[in-house]
Every structure is written in structure tokens, then in C-alpha cells.
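Colleague: Here it is: the structure, laid out below.
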Amino acid sequence: MSIQILLMELVLMPLVAFVVGLFLVLMLRRIGAKLQRRVGPPMMQPLYDIVKLYGKKTQISHGWMHDIGIIMAVGGYVAAETLLPVPGMDGIADKGGLVTLVYVMMIPSLGLALGVGQCANPNGSIGIARALTAMLAYDVPFVIVVFGVAWYFGTTNLVDIIAIQQAGGVAGWGATAMPLLAIAGLFALQGMLGKQPFEIYIAPAEIATGPMVEMSGKYLGGLFVMQCFQLYTAGVLYVSLFLGGGENWLFFLLKVFVVVAIPMTVAFLFPRYKTEQMIRLMWKWPVMIGLLGLAFVMH
Amino acid sequence: MKNMKEIDIPIEASVEQSRTNPLARVFDELVRFCRSRSMFMLHYCTGCGAIELPPAMTSRFDMERLGIQPMVTPRQADILLITGYVSIKTLKRVILTYEQMGSPKYVIGICSCTVNGGMYWQSYATAKQLDQYLPVDLYIAGCMPRPEAVLEGMRKLMDRIRSGEADGWKDYYRRYDWYLGNQQHLFGDDWQTPADVIGEASHYDLAGSGTEGEHTHLLQQCQKPLEPQQTFFQIGGSLEVKGESHE
Amino acid sequence: MNTIVLTVVLPLLAAFIVPVLSRVSPLLGRLLGPLTLAYAILLTLQVWLGMEGKPFSIALGGFQPPLGINFYVDRLSLLFTFLTLVTSLLLWPWRNETEPRQYALTLLLAASACGLALSGDLFNIYVFYELISVASFGLAAATRSGAAFAASLRYLILSGLGSVLVLCGIAIVYLQTGTLNLAQLSQLAPETLNTPLGLSAFALILLGIGVKGELFPVNSWVPEVYAAASGRVSGLLAGLVSKLAVLVIVRLLVLLFQQESALHLMLILGLLGAITGELAAWRAKDMNRMLAFSSIGQLGVIFIAFSIPGETGLFAGLALSLHHLLVKPALFLLAERWWGSLAGLRGAGLASPVAGGLFVLLALSLVGMPPLPGFWAKFLLFTGLAAQSAVIYQVAIGVVLLSIVIEANYLFRVVMDLFQPAEDDRATVVDGHGWLNLGTTFLLSALLIAGMLLMGPLGAWLEGVAMQAADPVLYFDTVFSVSAIH
Amino acid sequence: MTPLDELLLFSGLTLVLMLLLGRFSYAGKIATVFYAGQLLFLAKMADRIIDGSIVTFSLQVELFGLQMSWRFDALSWFFAVITLGAGLLSSWYASGEWGERFRRQGGNLWLLHVALAANVFSMLILLGSGDLLALFIGWELVSWASFLLMTVAGGRAIQAAMRYITYAMSGAMAILAGIVLLWSHAGGLQYGQIIDVIAQLSQAQVWLLVALFGSGFAVKMGLLPFHLWQAPAYAETPGPGAAFFGAISARMGLYAIILVLVQLIGLARLSELTIPFTFLDMRDLWAWIAVLTIILPTYTALRQTDARYLLAWHGIGQGGYMLLGVVLGDALGSAGGLLHVFNYATNQAVLFFAVFAVMFRTGTADLNKLGGLITRMPISFFAMLVGIIGLAGLPPMNGFVSKWFVYRSLMIEGEPLLFLGAIIGTLGTILSVYKLIHNTFLGQLRVEHVEVREAPWSMVAPMIILMLLIFATGVAPGLVLDWVALVQSAVGLPVVENTLGGVELTSGSLDMLWVVGVLFAGFGIGALLFYSGGRTRQVHQLDNYAGGHFLTAETRYHYSDNFYAGLMHLIRPWYRGSFVWLESTLGSLLGIAASLMQRLYGALHPSIYLLVTVVVTLTWVLL
Amino acid sequence: MSKTVTPWLDNLLQEIEGIEIRRKDSRRVRIDIAADSLPTLLELLRGRAGYVHLSAITCVDWIDESQFELVYQLWSYESQSLVSAHIRIARDPGVYVSVFDLYQPAAFFERDIHEMFGVYFEGSPDMSKFILTEWNGPPPMRKEFDAEAWVNETFERKEYQPDWLKEITEQGGGIVKSPEEARQKKP
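Protein chains in written order, with the numbering used here: chain E, 1 to 299; chain B, 1 to 247; chain W, 1 to 486; chain V, 1 to 623; chain D, 1 to 187.
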């Protein structure tokens, strides 16, 4: 792994992630619009929003931790992208496996939590408390899925996992080998995206968009960028674990968009869950399905 | 609608002077374009006009086509929609909200009550002209204008943002003293908002001749603007906090 | 070599002279007791050096043993004589200005205790046992308070009943064997006394002497007497007299009753004593009563130790007894000043830090903090118990461990009260402990620390004593091989 | 004079010095220098430890046919390093203004220094024990020394200490029973003899042995059934004492468990002891105890409102990780467990220092009375931030590496439920540590704390050292992993072959250098993106969105009470306090028995007892 | 109590002198009473006739008679009937006794009337500003207060002379035909 290639990948992979993420956000808003029989935003709307936010003249900050928090949020996901292999570019996926990726994905939420904490707004603190509780809720099924995958493929190195799946063709895919875990993974994916059914921590009417209450200008822009990365990372992770990663870019993107479309449609069809309802749901059904899947996988 | 401009809305109509080198101009053009195509709307339902906004957002008129999204807090919003009559009590909150928004910010006065008092023209409780207290970029007349009118207004504002004419927010900084005078005239001399507008103006070097004046001196006399808490990097030292200096 | 008899005679004589002498000159009256004790100690030391470890027997009045009474002097009995004299000297009731009867009784106690330790004849042991009982009743009632009289009266009744039992036991033994001399008995015992009748004799003697040895069912007098008596008297009774009673029982066990069931009987009673003593002490409300129950518990443990057959049992029991002899009187002396209810002791340790420190040291040793001798004694006990295969011994290990935990809990509850600053200023603690009490406690603690430092040689020496005392054959040869010495 | 002699003598000297000079103001500084000296002696011993040889203590004590000897091998050396490190930093923390303030407020600084020195000295003796008797003596000394340190603060600390001593004594007695049991079989207490004897012992006896030793050591380590005493005892101890306790004192239990369960009895023998009717064996039982110890205390910590109690409860929780790692027994798991001992010691120490720095300045550690101190005490904030990232186990810090090891070994071993339990524990940790840092440093600054200043140098310096240590061992875990490999070889566990950055495995490796490098590169890109926007301007904390309401200083616009309301709403019924109930019923049973016994002795007519006993014994005899 | 106000209530009320009862319909009675005997009426109605609900106190400004008229609307759930008691108080002192002790809601009605008309109710718990917290002018509802004049004095009007309006005015003003004519024109 020569340094130049790595440096190039370090820049290229997040860029790809950002662009694909923009289109994912666009798809999210388009699906929402179509479900509500609306026209929906124009093609480049997410990009306009981000450029406008970064172009704002006055940037209101509450202290240096507020700035560092946003930097950590965006930077954390940039680092997470390099751990996610995409067709053609492997980044440092073999240096840190699946467990490292799960932990690196927690850094942005910690950074955001610290930044929002400094905003000294109780709406933000309540939002962060709910966000961390939501993380507690959806991480349990997610961890069962991670364990099942690591046990089935025998390794946590994503590059190998994708190689094994691609070797076996469609039959070798994770989803076919571990259907129940794939379903549990979908639940976890739904929680990870933080969209409608589990969006209690952004509840606009109740706690004024929770953590984003004091974010203006480039801070909000940073969070929009993070949202793109979040959608992309969740989608690609699910694809590389269960749908055999991308043989080439076309199939890869197709799979990612299909996978992410499912939770998005569910998002706009279900009302918002309360925190304890979310935990009860996440700890009951997906965990049962996951454990059942594990039982099949391990014996 | 072309002759709206002649109305002597006391705005120093100075088009944003475009920067010299072509790259910067293209960049400015792009930013202005994006600013016009993505407006986050904070509708402050002060009066009856707000009922017209949901239909503008839902499937029939769909504001999202124009890139307009409703936002909850002033920090995230660009446009402040003042819909309907503004009582003096509400005007205080409107000014606080306006000062909490990040500029460039635009104010749209919907309904004729914001233009000249509307049907409450002789009421003692309502503010008659909104643009005396806030720089208003666009008025949409009508005693509750229909969603088409609201969208037409929005499109008008988008054109003016793209062309760079809609810079009412600079005017608030440049002629803050005049605005403050009107506000003090209405709310009394001890009127203060937590946002330090003068400091902000000097920070972003938007301060004009009218920023400081006798009204702002009145403001400084009555209350000290809230200084942000600077991080304190001095280790040790004997000063104890009041809480535990009991020994 | 037979000057050892003087250690019994001289204090007895002094006991009767003191009341008369003090009428003539009170100063002499006060000094006579300690002087005789000191001289007796010198005598024992001289005999100690003389005998170089070989036991010998003295036939009193020239009559040969099977008929006459003989004193059997081996290292064990000499050790106990020496300890009796030293403890009586240390716990001498100096401060007591009341009439010299107190001195006389203490001297009587010392004399009869030495006699008990030395005598080789069963009935002689009974006589000295009665003498000790009389002396202890008088001492118990010394403080002249109503509670003291009631307590010593109840003690008297119980002890009297106990003596009757001992007498029955001795009668049974005499009927069976026809002799009262321990040496001869030890030879006859295996055939005659192995029967249930022999065992019942042992049981009767055990219960009878058990009264003084604070054995489980018969020790209900202990809390009242120690609560009412002064610190020195309780120290004497708890520390010294109980050990002698145990010594007598051990002698009988070694020489006469080698049966398994006798040991088991003593073990069970010891177990019950340990558990009830510790639990009651956990609930005790004032210092003296707590120490009384604690001494019941400790003596229960000593009985368990002695119930281990063979030489290891003797060694462990001896180590525990010695340790208890050092620690308990010291605690009682400390309790003299802190006799009030435990709750009132808050802040007492801060008022007199030396006393507080000593109390902590003694508590640590009692509980068995490793370097201190308490731990080694307990360790010996545990290894002895572990060596036995019977289940009852495993249960004994569990019970003793539990008792240690309970003991640690209530002792350190008191320590914590001592060292916590008193909330309200009316703390009862006014003056310190008086230099005499504090001095004696300090000396005892110094002995304890010395024991810790010299643990190696001291342990080996004690093992020798136990070895010697454990075989009846040596006893028999020494008594009958030597010609009568006048 | 072997290096071990010098070390122990020097440590004893420190204790004596503290006894004599404890009450003077410079005593703390002397103590710190002496601890540093001890650390140097330990380092001097390092080369002999590295090539696997054992350093022996020259004095051999021989008593009642049992000889006691002391020696240092890699295991004891590893724990000694952490002990002395914790001791050094704690006494440095206590030597500065904290000590002055503590004395002025009536605290007994002399007792604190003496107790700290006694603790370090007794821990070195325990770590150096060459046979079971020396182990027991060292164990007793450590428990009595920690009892002494617990009583320094008086008041509530004394009740906590009393509760501790009851637990500790019952634990010690269980260990003594185990030792005596072994002695009866082996005749001696040397490790060699013990290992041979255990080989021939029957299953039931090994069961009893493991139960006795296990419960005895579990008391000190605060494993599940015996964990109730640890939190109040450690939290109530003043400042550096609590940090020292949190960092190392509970790990002595782990040292003893490793010594007995792994070295003497051996994990293979443990897995043979099957529990009837269940498919669990002893090793699984220990693993499940460890996982439950991870989960329950962590979720109790979540509900604490006092920062010290929150951290103390975490101390118990994290102990579970170490035990889980060791019990797993494979190279990766045990390396993770041992590494977590080091990592967690540094995290807990820096967190306690930060909490006590806040307490030093604001006078309280109650999370509902603090807030917004980030602008006033930035360095303490950074110390706590580094500490909580390490405690939660997130990448840049060392906590992540040890947890990664434990998780990977759980994955390789194929233990899904244990893995799930550990993860639930980690998530609980993340939640409660964020509550800690949010309620203390973030949110609205209180009016009375506007003038608060950063803690003095003597308190900030140890924090900075620990921060650097945590980050350094996070980026390059190889440094500590070499020591861990030595320990594994000494104890007989499979050794982990590690690189500087982590471990190379066919089934997914970890290289922290790359991960942290990429992380900071990502932060760089994030910063680039961030500073491409316009100039930022800082606003006052009251210039905040409150639904149009004008915020004034009087309004308490801060959310800290009942922090995770949603979660608490769901899991509040699950806190039934069953262990507290268990403990109180045991206590009351004892009380009833005691009052029964006392009434027994109060009887008026003792003579009846005599006659009854006579009759009973005679019937028994005649039967 | 039957649906209608029973006759015994009428003779009950006769005892109060200076009372005049006019029955509007079966369930509404208007009572005009002297100002100082109103509390007794309220007590009677509340205690005896079950009129437990005071739904409103309204004030009418008779400026030419320089009097305020206070109307108390009382409702009885049992007899399902409404009594509106009308009293007249002098305008210049504008002071009257509070009925807060009988009906707690009266506190708000009295506070509102105090703010709008300046009538001071003794005994009322709180006479501070109620809704017009920013207003420090005279009570605005009084007839002598000319709102329009105040507005013209404090606010300026915005001059609005757009070209298209000028053209229309030049063609003879905006609305040429009156709405009726426009309607007639389109059959």
C-alpha cells in the first residue's frame, strides 16, 4: 500500500461518498415528495442547500468546542469512509476491520454531542440524550448482525468479506446465507439512518430539531454533509455485508440506492416513535430475529 | 409589479458591488444562485396570514420545488415571514428572532397589516409599518394573500436575491440607529435584545454611518451588551469562587 | 527442687497475714502481697533453670504417691504457675484503698491457682478448685455494688452446683479405679474408664470445671460478673482462672480419658460457646458486657483447639490460651475507663490517643491480622482442624471463621466510634486512663509485640512444652520412678 | 541486595518517613519523590524480568514448618508498575494546593499520606508473594491498609469502611479456609507443591477450592454478588485516595484470581468442572459473572447524580472486562484483559483527578449543581474528555484497543451472548460518561461559577501526564502489549504476538497507527471544510433560541436532572435492588440470632441450664 | 328546580328594595339593581338558587351620563337559566367592590375591566397590567380615549402614490360605479 495511493484514496473515497450521499439525500426528499403527491425538490437541491449554508455571511458559534464538535462530526465520517471498501479502492479496510468501523462511526456522534453540549441549549441536550439512547437501542441488533457476519465469514476484514461473497456469486451473498440476519440488519439500518420512525431526537415541534437547534450557517452545512456521509456509510456497509459489495460501480450504486430506498419509504409511512417505544421495539423484534439467525449461522 | 421599487422604502438601494477578478465574480454568482434556490423559511405565525402557508407547502403548490423548506429555529432560517398584524408585544419577539437569524436574511411581510396597518389601522395595540422596525425586503399585500400570491412573492424574492438587490439585512446594520430609535420610541428606552448588533456589524465590517447614533448611546447607557464567555487559560491563582470560600 | 511448693504455701500464708498486718501498719499490709508474689516468681525461675526441661514429681509429706499427694512439675505446669504469679502481680488491685480483704483474696487466688497447676492428685485438684471459687466469689463482690452482690451470688450458686458435679465425677472415678493419683489413674484408665460410666464421669467433671472455664451451657454468670466487677478482677477471672480450669480438663483428657467421644463432646460445647459468645457480643450494648461475651467466644475457640486429638491440639490450644491471656486482661483494663455504653464512647479515642491506639492493636491481634501472634495461633488451630478427617472438624473450621468475621465487625464498630469526632460536646470522656491501668496495658501490648517478633523460637519452645505434656507414659514414669523426696 | 530487596526496603522507608513527617506541608513532595524512586528501582529490575527470570527477595521466613518467600515475576512486575504509577500521581496530586485546602478544612492529611504509603507498601508485598501463606498475609495487609485509607474522610466514609471491612474479613476467611484445605492435602504451601496436589484433587474438592478462593478474591474485585461495598467506599475517600483506589486497588483481586485460577488451578481444569443440568462449565460461569458485573454496575452508574459515585460504579463495571478477558484464556482475550488493567487505571485516575479538580474549585461534585465549566476550566475539560473517550473505548484512546481485543477474542471463540452483554455494557458506559461530561462542563455556566479558575499546577500536571500516557498507549499499544506478552508467558497463557500498532491476524487485524492517522487526516479535511466558511463570531450563552423568550441570568436554562428520561422511563422498573435486599436480609438474620443469644444469657436461673445439660450429656453418654 | 325561574324566586328577590326584574324569556332574567345591594343579590342567587357560575363581568361606558354600567352574567346548572345583573356606578371615581370572595373567576374579569376601563375593584387580588403589558397610556376602551388620534400621533402613515393608482385617479377615481349599479348591469 504505497503512501501516494492511500493519500489519493483518502481524498477520493470521501469525495465519492459525498457525491453519492447528495444523491441519496435527494432520493430521500424525492421519495418523501412522491409519497405526499408533491413535485419534490430539483436535482441539485441538496448541493444548493449546502453551498448556501457555507456561503452565509454571519456564522454564529458558542465556543471552540462547538467548532471542534462539527469538525469531528465531518472528519469522523471522512475517516470512516476510508475503512469502507468500494469497487476499485480499498483504503485501509485491512488495517482495521468491522469492529473498528463500528467504533469509528461512533466518533461523529460523540463530536456532535460535545459540540451541541457547548451550545448550552436544553433543547440540544435533550436531543443528544435521546440520540445516544437511540444509538443504544439500534446498536444491539446491529452488533448481533456484526457478530453473525464475522462468525460466518470467519474474518472482520471487509475486503475479504466482499471477496468471499463475490466468489460465490448470488448464492454466496450474505443475504442468501443469512436471511434472518439481513432482516435484523434492516431494522438496525433504519435506526442508524435516524429517519422518521426513529427520529425522536430531531422532533421539530417538540424540541426544535434537537441537536441542530443552535446550528446556523456552516455548522448546519457541516451537519448536512454529515447526513450525506451517514446515508452513504450505512448503505454501503449493508451492501458490503449482505449484498456482496460492488463488482463494478454500476451494480454497486444500484444496490446502495435500492438498499437505502427501503428505510426511506418506511420513514415517510410511519409516525415518530417515542424513545422508550423505540428501545422496546429495537430490543424485542430485531434482537429475536438476529439471535434466531445467529443460531442458524452458528450451527 | 415593476414599480414597487419607487416606493420610498427607506432602503439605501445599493447593489452589492461585485468583486473585480472574474473567478470571484463567478463564485459570487454561484453563491447567490444557491442562496436564491435554497431558502429556509421560518414562518413566525404572528397573525392570520400563516394559514396560507401550509397549502403553499403541500402537494398543490409545493414550495419545495423552489427549494424552500420550513425551518423551526431562527438560527437555521433565511427568510422571516411576518404573516398578519404585528401587535407591539409580538414585535418584541419578532425583533429578537430577526436578530438571532444568520444573515443574509430576508423579511417578507405577508398581508396588508404589515404594509400600513391593514384593517387594524387605527388600533392602539398594533405596529403599523413593519419596515420602520425591521428592513423588509418584500411585501405581499392582500388580506391573507392566496398561496399563488405567496409563491409569486417568493419567486420575486428569489430573482432579487439572485440579482443581489435583496440586501435589507445590510441596511439593518448600516442604519441600526434609525431602527433602534423607532423601537425605543415604541418600547421605551430600556429596550434591549441579547444580540449585540453593533458588535456584529463591526465584526463583519458591515457598519455604516448610521450604525452608531444617539439611540445606540441610549442603549449603551441603559444596559451593557452580553459579552460572550471567553475561555480562561490561566492555571492556578488564588481567587476562589464565592461558593466555597467559606473556610 | 521442691522449693516449688513454696510458691503455693507462701502466698497462702501471706493471704492470712495481710489482714492482721494491715491493722498494725497499712503500708506494710499493702506491700506484703506484691513482695511475696515477686519472691514466688523468683523461686519458679530458679526451679525452671534447675530442672532443664526434665519433669519431676514431689511427694508431699514424704508419703509415696499412690497414698500421698504429689506435685507433678513439668514445663506446662511450671509455665502456668509462672503465668499465674505474673498476672496476679500485674493485675494487683493497687488503687483499692478499701480494706485489705481484697489483697488477701487475690493472694489466695494466686496460691490456689499455682496449686491447681502443680498438683498431681485428682482430689487435690478439687480442693484447690474450691479454693479458687471462694477467692473469685469474694473478688467478684469487691465493688460492693448491688449488681456485684447479685452477680457473685448467682456465680456462687452455679459454681457450687458445678463443684457437686465434679465431686460426683471424682467419686465415679474412685469407684472404678480405687485410686485418685493421676499417674496411677493414667495407667489404669485404658481398661477401667473406657466404659460409658467413665465417659459420664468425664462429662460431669467437664461441666463442673467448665463453670469456671466459661464452657457453653454453664457460663451465663459471665456477663453479669464481668460487667459488675472492676477491670482488674474481670481480667484476672477471664484471663487467668478460666485458663487454669481449661488446663485441668486438658490434663484429665490427656491422662485419663483418651476416648474419641470425650473429645467430640468438648468440641461441640466449644463450638456452641464460640457461636453464642460472638453473636451475643455483636448485640452487646456496653463495653464490659461486650468483652465478657467476647471472652466466652474466645474460650469456646480454645476448647475447640484442645479438642483436637494429639499433640497438635495441645499446641494450638496452648498458643490460643497464651494469646487470650495477654489480650483479654489488657482490654478489660482499657474498659475500666470506658465502661459506659458503647454509644457514649464517640470521640474517646481522640481524647486519649494512646489508649485508642492500644485498643486498635489488641483488636487487630484478636481478629488475627497476619504479623501479630493472634494470626499464627489461629493458623495453628486451622491447620490442626484441617488435619482431622471427621466432618465435625470441617464444620468447626467454618464456625471459627464465621466467629472471626463477627468479632472483626463488632470490635471495629467500637474502634470507629472511638475515632469519630463527637458531634455534641457533652462527650462523657473527661480524663485519661490513669497511669497504672495504661502502664499495665502498655506492658501487655509490649509482650504481644515481643511475641510477634520472637515468633520463631517462642513457637518452637511451646511445641516442646506441648510434646512433653501430651504423653501419659512420661507422666507415669516420672511419678513412680523417683524415690520420695522430703 | 537483589533489586526486589531495594524496592521493598525503599517502600518501607517511605512508609516510615510518612509516619514521621506526614503532618508537614512538604511531606507530599517527599512522598512523590520516594514513589518515583521506587519506580526507578522497579525499572532497574526490568531487564531481568524481560528475559523471563524471577527476582527473589533475600529474606526467607520459616515458621511452624512453613517457609515464606517473596519474589517478583512478570505478572507482579506489571501490576507493580501500575500501582507505583498510580501512587506517584496520587501523592503528587495531594502534595499541592489540594493538600493545603484539605488540611485547612480539617482533613487529616497525615493519615492520608500514611495510608497511601501503607497501601503501596502492602500492595508490593502482596504482589511479591512467593507462596500461598505470603499471599494471604499480603492480602490481609492490603485490605487493612485500604480500610485505613477509607476512614480518612470520616462521617459517611466510616460507614462505607465498616461495610467494607465486613466484606473483606469474610472474603479473607474464605481464602484462609481454602489455604488450610490445600495445606491439609499438600502439607506445604509452595506453588510447586500446590500445582501437583491440585492435579490429583477430585472434582468436588476443586469445586470447593475455586468457590472459596473465587469468592474471597471476588470481594476485593467487586464482582457481582459482593459489589455493593465498593462504590460508596471508593467515592467517599478524599481526592487522590479515590483515584488510587479506582486505578489499582480493586485490581489486586484480579492479580490474585490470575495467580490462583490461571496459574495454580489452570483454565483447562476449570473448563472440566461442569455444572450439572446446564451446559455451562466453571469457565463459562466466571465469564457470565464478569459480563453481569459489566452490565449491572454500569447501568447503576447511569443513575447516579454524584460524579464520584458515577465513576466508582464504573470502576466495578470495567473490572468485569478484565476478568472476561482473562477467563477467555486465548492469546487475544487475555491480552485484552491485561491491557485493560493498564488502560482502565489511567482512564479512571485522570477522570477522578478531573472530578476532584472541579470539586476543588466549585466545592461540589453534584452533577445537578454544575454546568458550563468548559470556559473556566479548559484543561480539566480536556482531561475529562480524554478520560471519557478512553473509558467509552473510542479509537484514538487506549481503552479502544483493549476492548477491541476482548471483542475479537469473543468473536473468534464464538460467544454471541457474552459479546452482546459486553456491548450493552459499553453502550451504557458511553451514555453515562457523556452525562458526566455534559452536566459538569457543558451547558449553561452558573452565575456563581463565573469567577472559577483552572485547578492549580500541582493538580493539572498529573492530569496532563495521564492524558499524554492515554493517547500514547492508544496510538501505539505495542508498548504495553510487550509487557502483557511477558505476563502471559509468565502465567502460562498463550502469548499474543503484537506489532507496535496492534495485532496482525489473518481474520482481521488492527493497526492503531493507521486508524488514528486516518482519523486525524479526516479531522484535517473536516477542519479544511469548516474553515472554508465565513468568519465565526462567538455569542453569549443567553443569546440562545428559547422560543422567542428573553433569557436572563436568573432563568436556569440547563437540562441536567433525570438526564436520560426516555431510557429511564423504560428501565426504571428493572432496578429492583435485589442485591441490596439480599444484603439487608442477611444482616437482619444475624441481628435476630444475636439478640436470641443475648436473651439466652440473660436468664435468671442459670442453674436450670446446668441440670438440663447434665441430663442431656448423661443420656448421650449412656446411649 | 324546574327549568323556568320558579315564582318563589321572584318573591324572594322582592325583599331587596330598588330591584327591577324583567324576564327576557323562559331561561333568561334581567335584573337591574342598585349598586350597593348587588353583593347581597349575588349571595342570595349563589346560596339559594344555585347560580354558581359567574361567566362574565362586562363594563359599558355611558359617557354622556358619566356612568359605567357593570353587567354580571350568572348561570345556574340546576335551573338551566341565566341571570344578568346590571348596576350603574359613577364614572369619575370609577371604584366598586370586588366579588372575588363569592366567585373566584371574578379576579380576571375585574383585572381586565380595570385595565380597559380604569374601574378599580377594592379587594380584588390583583389589579396589575393584564394583557396590554406594553401599553402605558390611558385605559383604551374608555370613550374619551380617541384611538385614531393616538395612532396618528405615534405612528406615521406611509405615503403610497404608485403610478397605476395615479392613472386610475386621473380617470376619475377608482370605483366609478357603485356595486349595486354594477350588479344591475349584468342581468
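By construction, the Cβ of each residue, glycine as well, lies at the ideal position given by its N, Cα and C atoms.
Computed from a predicted structure; not experimentally measured.
#1: Rounded to the nearest angstrom, what separates I16 of chain D and L41 of chain D at their Cα positions?
#2: Nearest to Q159 of chain V by alpha carbon, out of W:I157, W:P421, W:L448, W:R413?
#3: Can you pull the chain V residues whose beta carbon is under 7 Å from the beta carbon of W151 of chain E, in chain order?
#4: Taking C-beta pairs closer than 9 Å, name the residues in chain B that E134 of chain D reaches, listed in chain order.
#5: Look at Y201 of chain E and A113 of chain E and say whether their C-beta atoms are less than 8 Å apart.
#6: Give the residues of chain D in contact with N116 of chain B, contact being defined as C-beta atoms less than 8 Å apart.
#7: Check the Cβ-Cβ distances between A24 of chain B and every residue of chain V, and say whether any is below 8 Å.
#8: With respect to the beta strand (DSSP E) encompassing A497 of chain V, which residues constitute its N-terminal and C-terminal limits?
#9: Alpha carbon to alpha carbon, how far is L358 of chain W from G344 of chain W?
#10: Any idea if C228 of chain E is buried or exposed, counting beta-carbon neighbours within 10 angstroms, 16 or more meaning buried?
#11: Could you check where the beta strand (DSSP E) with W75 of chain D kicks off and where it finishes?
#12: Quick one: grab the DSSP three-state call for V350 of chain V.
#13: What ranges does the alpha helix (DSSP H) occupy inside the stretch 298-339 of chain V, keeping only unbroken runs of at least 4 residues that lie completely in it?
#14: Report buried or exposed for M384 of chain V, applying the criterion of at least 16 other Cβ atoms within 10 angstroms of its Cβ.
#15: V266 of chain E and K255 of chain E look like a contact to me (Cβ under 8 Å); what is the Cβ gap, rounded to whole Å?
#16: Looking at chain D, which residues of the stretch 127-155 of chain B have a Cβ within less than 7 Å of any of its Cβ atoms?
#17: Ordered along the chain, which non-local residues of its own chain (more than five positions away) have a Cβ less than 6 Å from that of I164 of chain E?
#18: Counting only beta-carbon separations shorter than 8 Å, does R65 of chain B have a partner in chain E?
#19: L110 of chain E and F296 of chain E look like a contact to me (Cβ under 8 Å); what is the Cβ gap, rounded to whole Å?
#20: Spell out the partners DSSP gives D67 of chain E in its beta bridges.
#21: Of the choices E:K274, E:W151, E:W283, whose alpha-carbon is the least far from that of L294 of chain E?
#22: So is W110 of chain V in contact with chain W if we call contact Cβ pairs under 8 Å?
#23: Specify the secondary structure class of F487 of chain W as computed by DSSP and reduced to three states.
#24: Expressed to the nearest angstrom, what Euclidean distance is found between the alpha-carbon atoms of L270 of chain V and D281 of chain V?
#25: Ordered along the chain, which non-local residues of its own chain (more than five positions away) have a Cβ less than 6 Å from that of I289 of chain E?
#26: Based on the DSSP secondary-structure assignment, which residues constitute the bridge partners of F72 of chain V?
#27: Could you tell me the alpha carbon to alpha carbon distance between L586 of chain V and A594 of chain V, rounded to whole angstroms?
#28: In this structure, does DSSP put K92 of chain B in helix, strand or coil?
#29: Tell whether a beta-carbon distance below 8 Å holds between G168 of chain B and D205 of chain B.
#30: Tell me the DSSP secondary structure of W135 of chain D in three-state form.
#31: Once you ignore the five residues that flank H324 of chain W on each side, which residues in its own chain have a CB closer than 8 Å to its CB?
#32: When Cβ atoms are compared, which residues of the stretch 54-77 of chain E fall closer than 7 Å to chain V?
#33: Counting only runs that start and end within the stretch 319-405 of chain W, where is the beta strand (DSSP E) found for 3 or more residues in a row?
Modeller: Based on what the coordinates show:
#1: 8 Å
#2: W:R413
#3: Those within 7 Å of W151 of chain E in chain V are M411, G414.
#4: Under the 9 Å cutoff, chain B gives S87, I88, K89, L91, K92, A125, L186, F187, G188.
#5: no
#6: R157, K158, Y160
#7: no
#8: First, the residue type needs correcting, since residue 497 of chain V is Glu and not Ala in the sequence shown. Here E497 of chain V belongs to no beta strand (DSSP E), and DSSP marks it neither H nor E.
#9: Going from the Cα of L358 of chain W to the Cα of G344 of chain W covers about 19 Å.
#10: buried
#11: 67-76
#12: It is helical.
#13: Segments of the alpha helix (DSSP H) lying fully in the stretch 298-339 of chain V: 307-328.
#14: buried
#15: Rounded, the Cβ-Cβ distance is 18 Å, inconsistent with contact.
#16: K128, Q129
#17: F153
#18: Interface residue, yes.
#19: Contact doesn't hold; Cβ gap of about 35 Å is too wide.
#20: Looking at the DSSP assignment, D67 of chain E forms no beta bridge with any residue, so it has no partner.
#21: E:W151
#22: It does not; no Cβ of chain W falls within 8 Å.
#23: No answer is possible for residue 487 of chain W: it lies beyond the span of chain W, which begins at 1 and ends at 486.
#24: 7 Å
#25: L180, I183, A184
#26: V:V55
#27: 12 Å
#28: K92 of chain B: helix per DSSP, three-state reduction.
#29: no
#30: In this structure, W135 of chain D counts as coil in the three-state DSSP scheme.
#31: G239, K243, S295, Q298, L299, I302
#32: Y54, K56, K57, T58, Q59, I60, S61, H62, G63, M65, D67, I70, I71, M72, V74, G75, G76
#33: With a minimum length of 3 residues, no continuous beta strand (DSSP E) run stays inside the stretch 319-405 of chain W.
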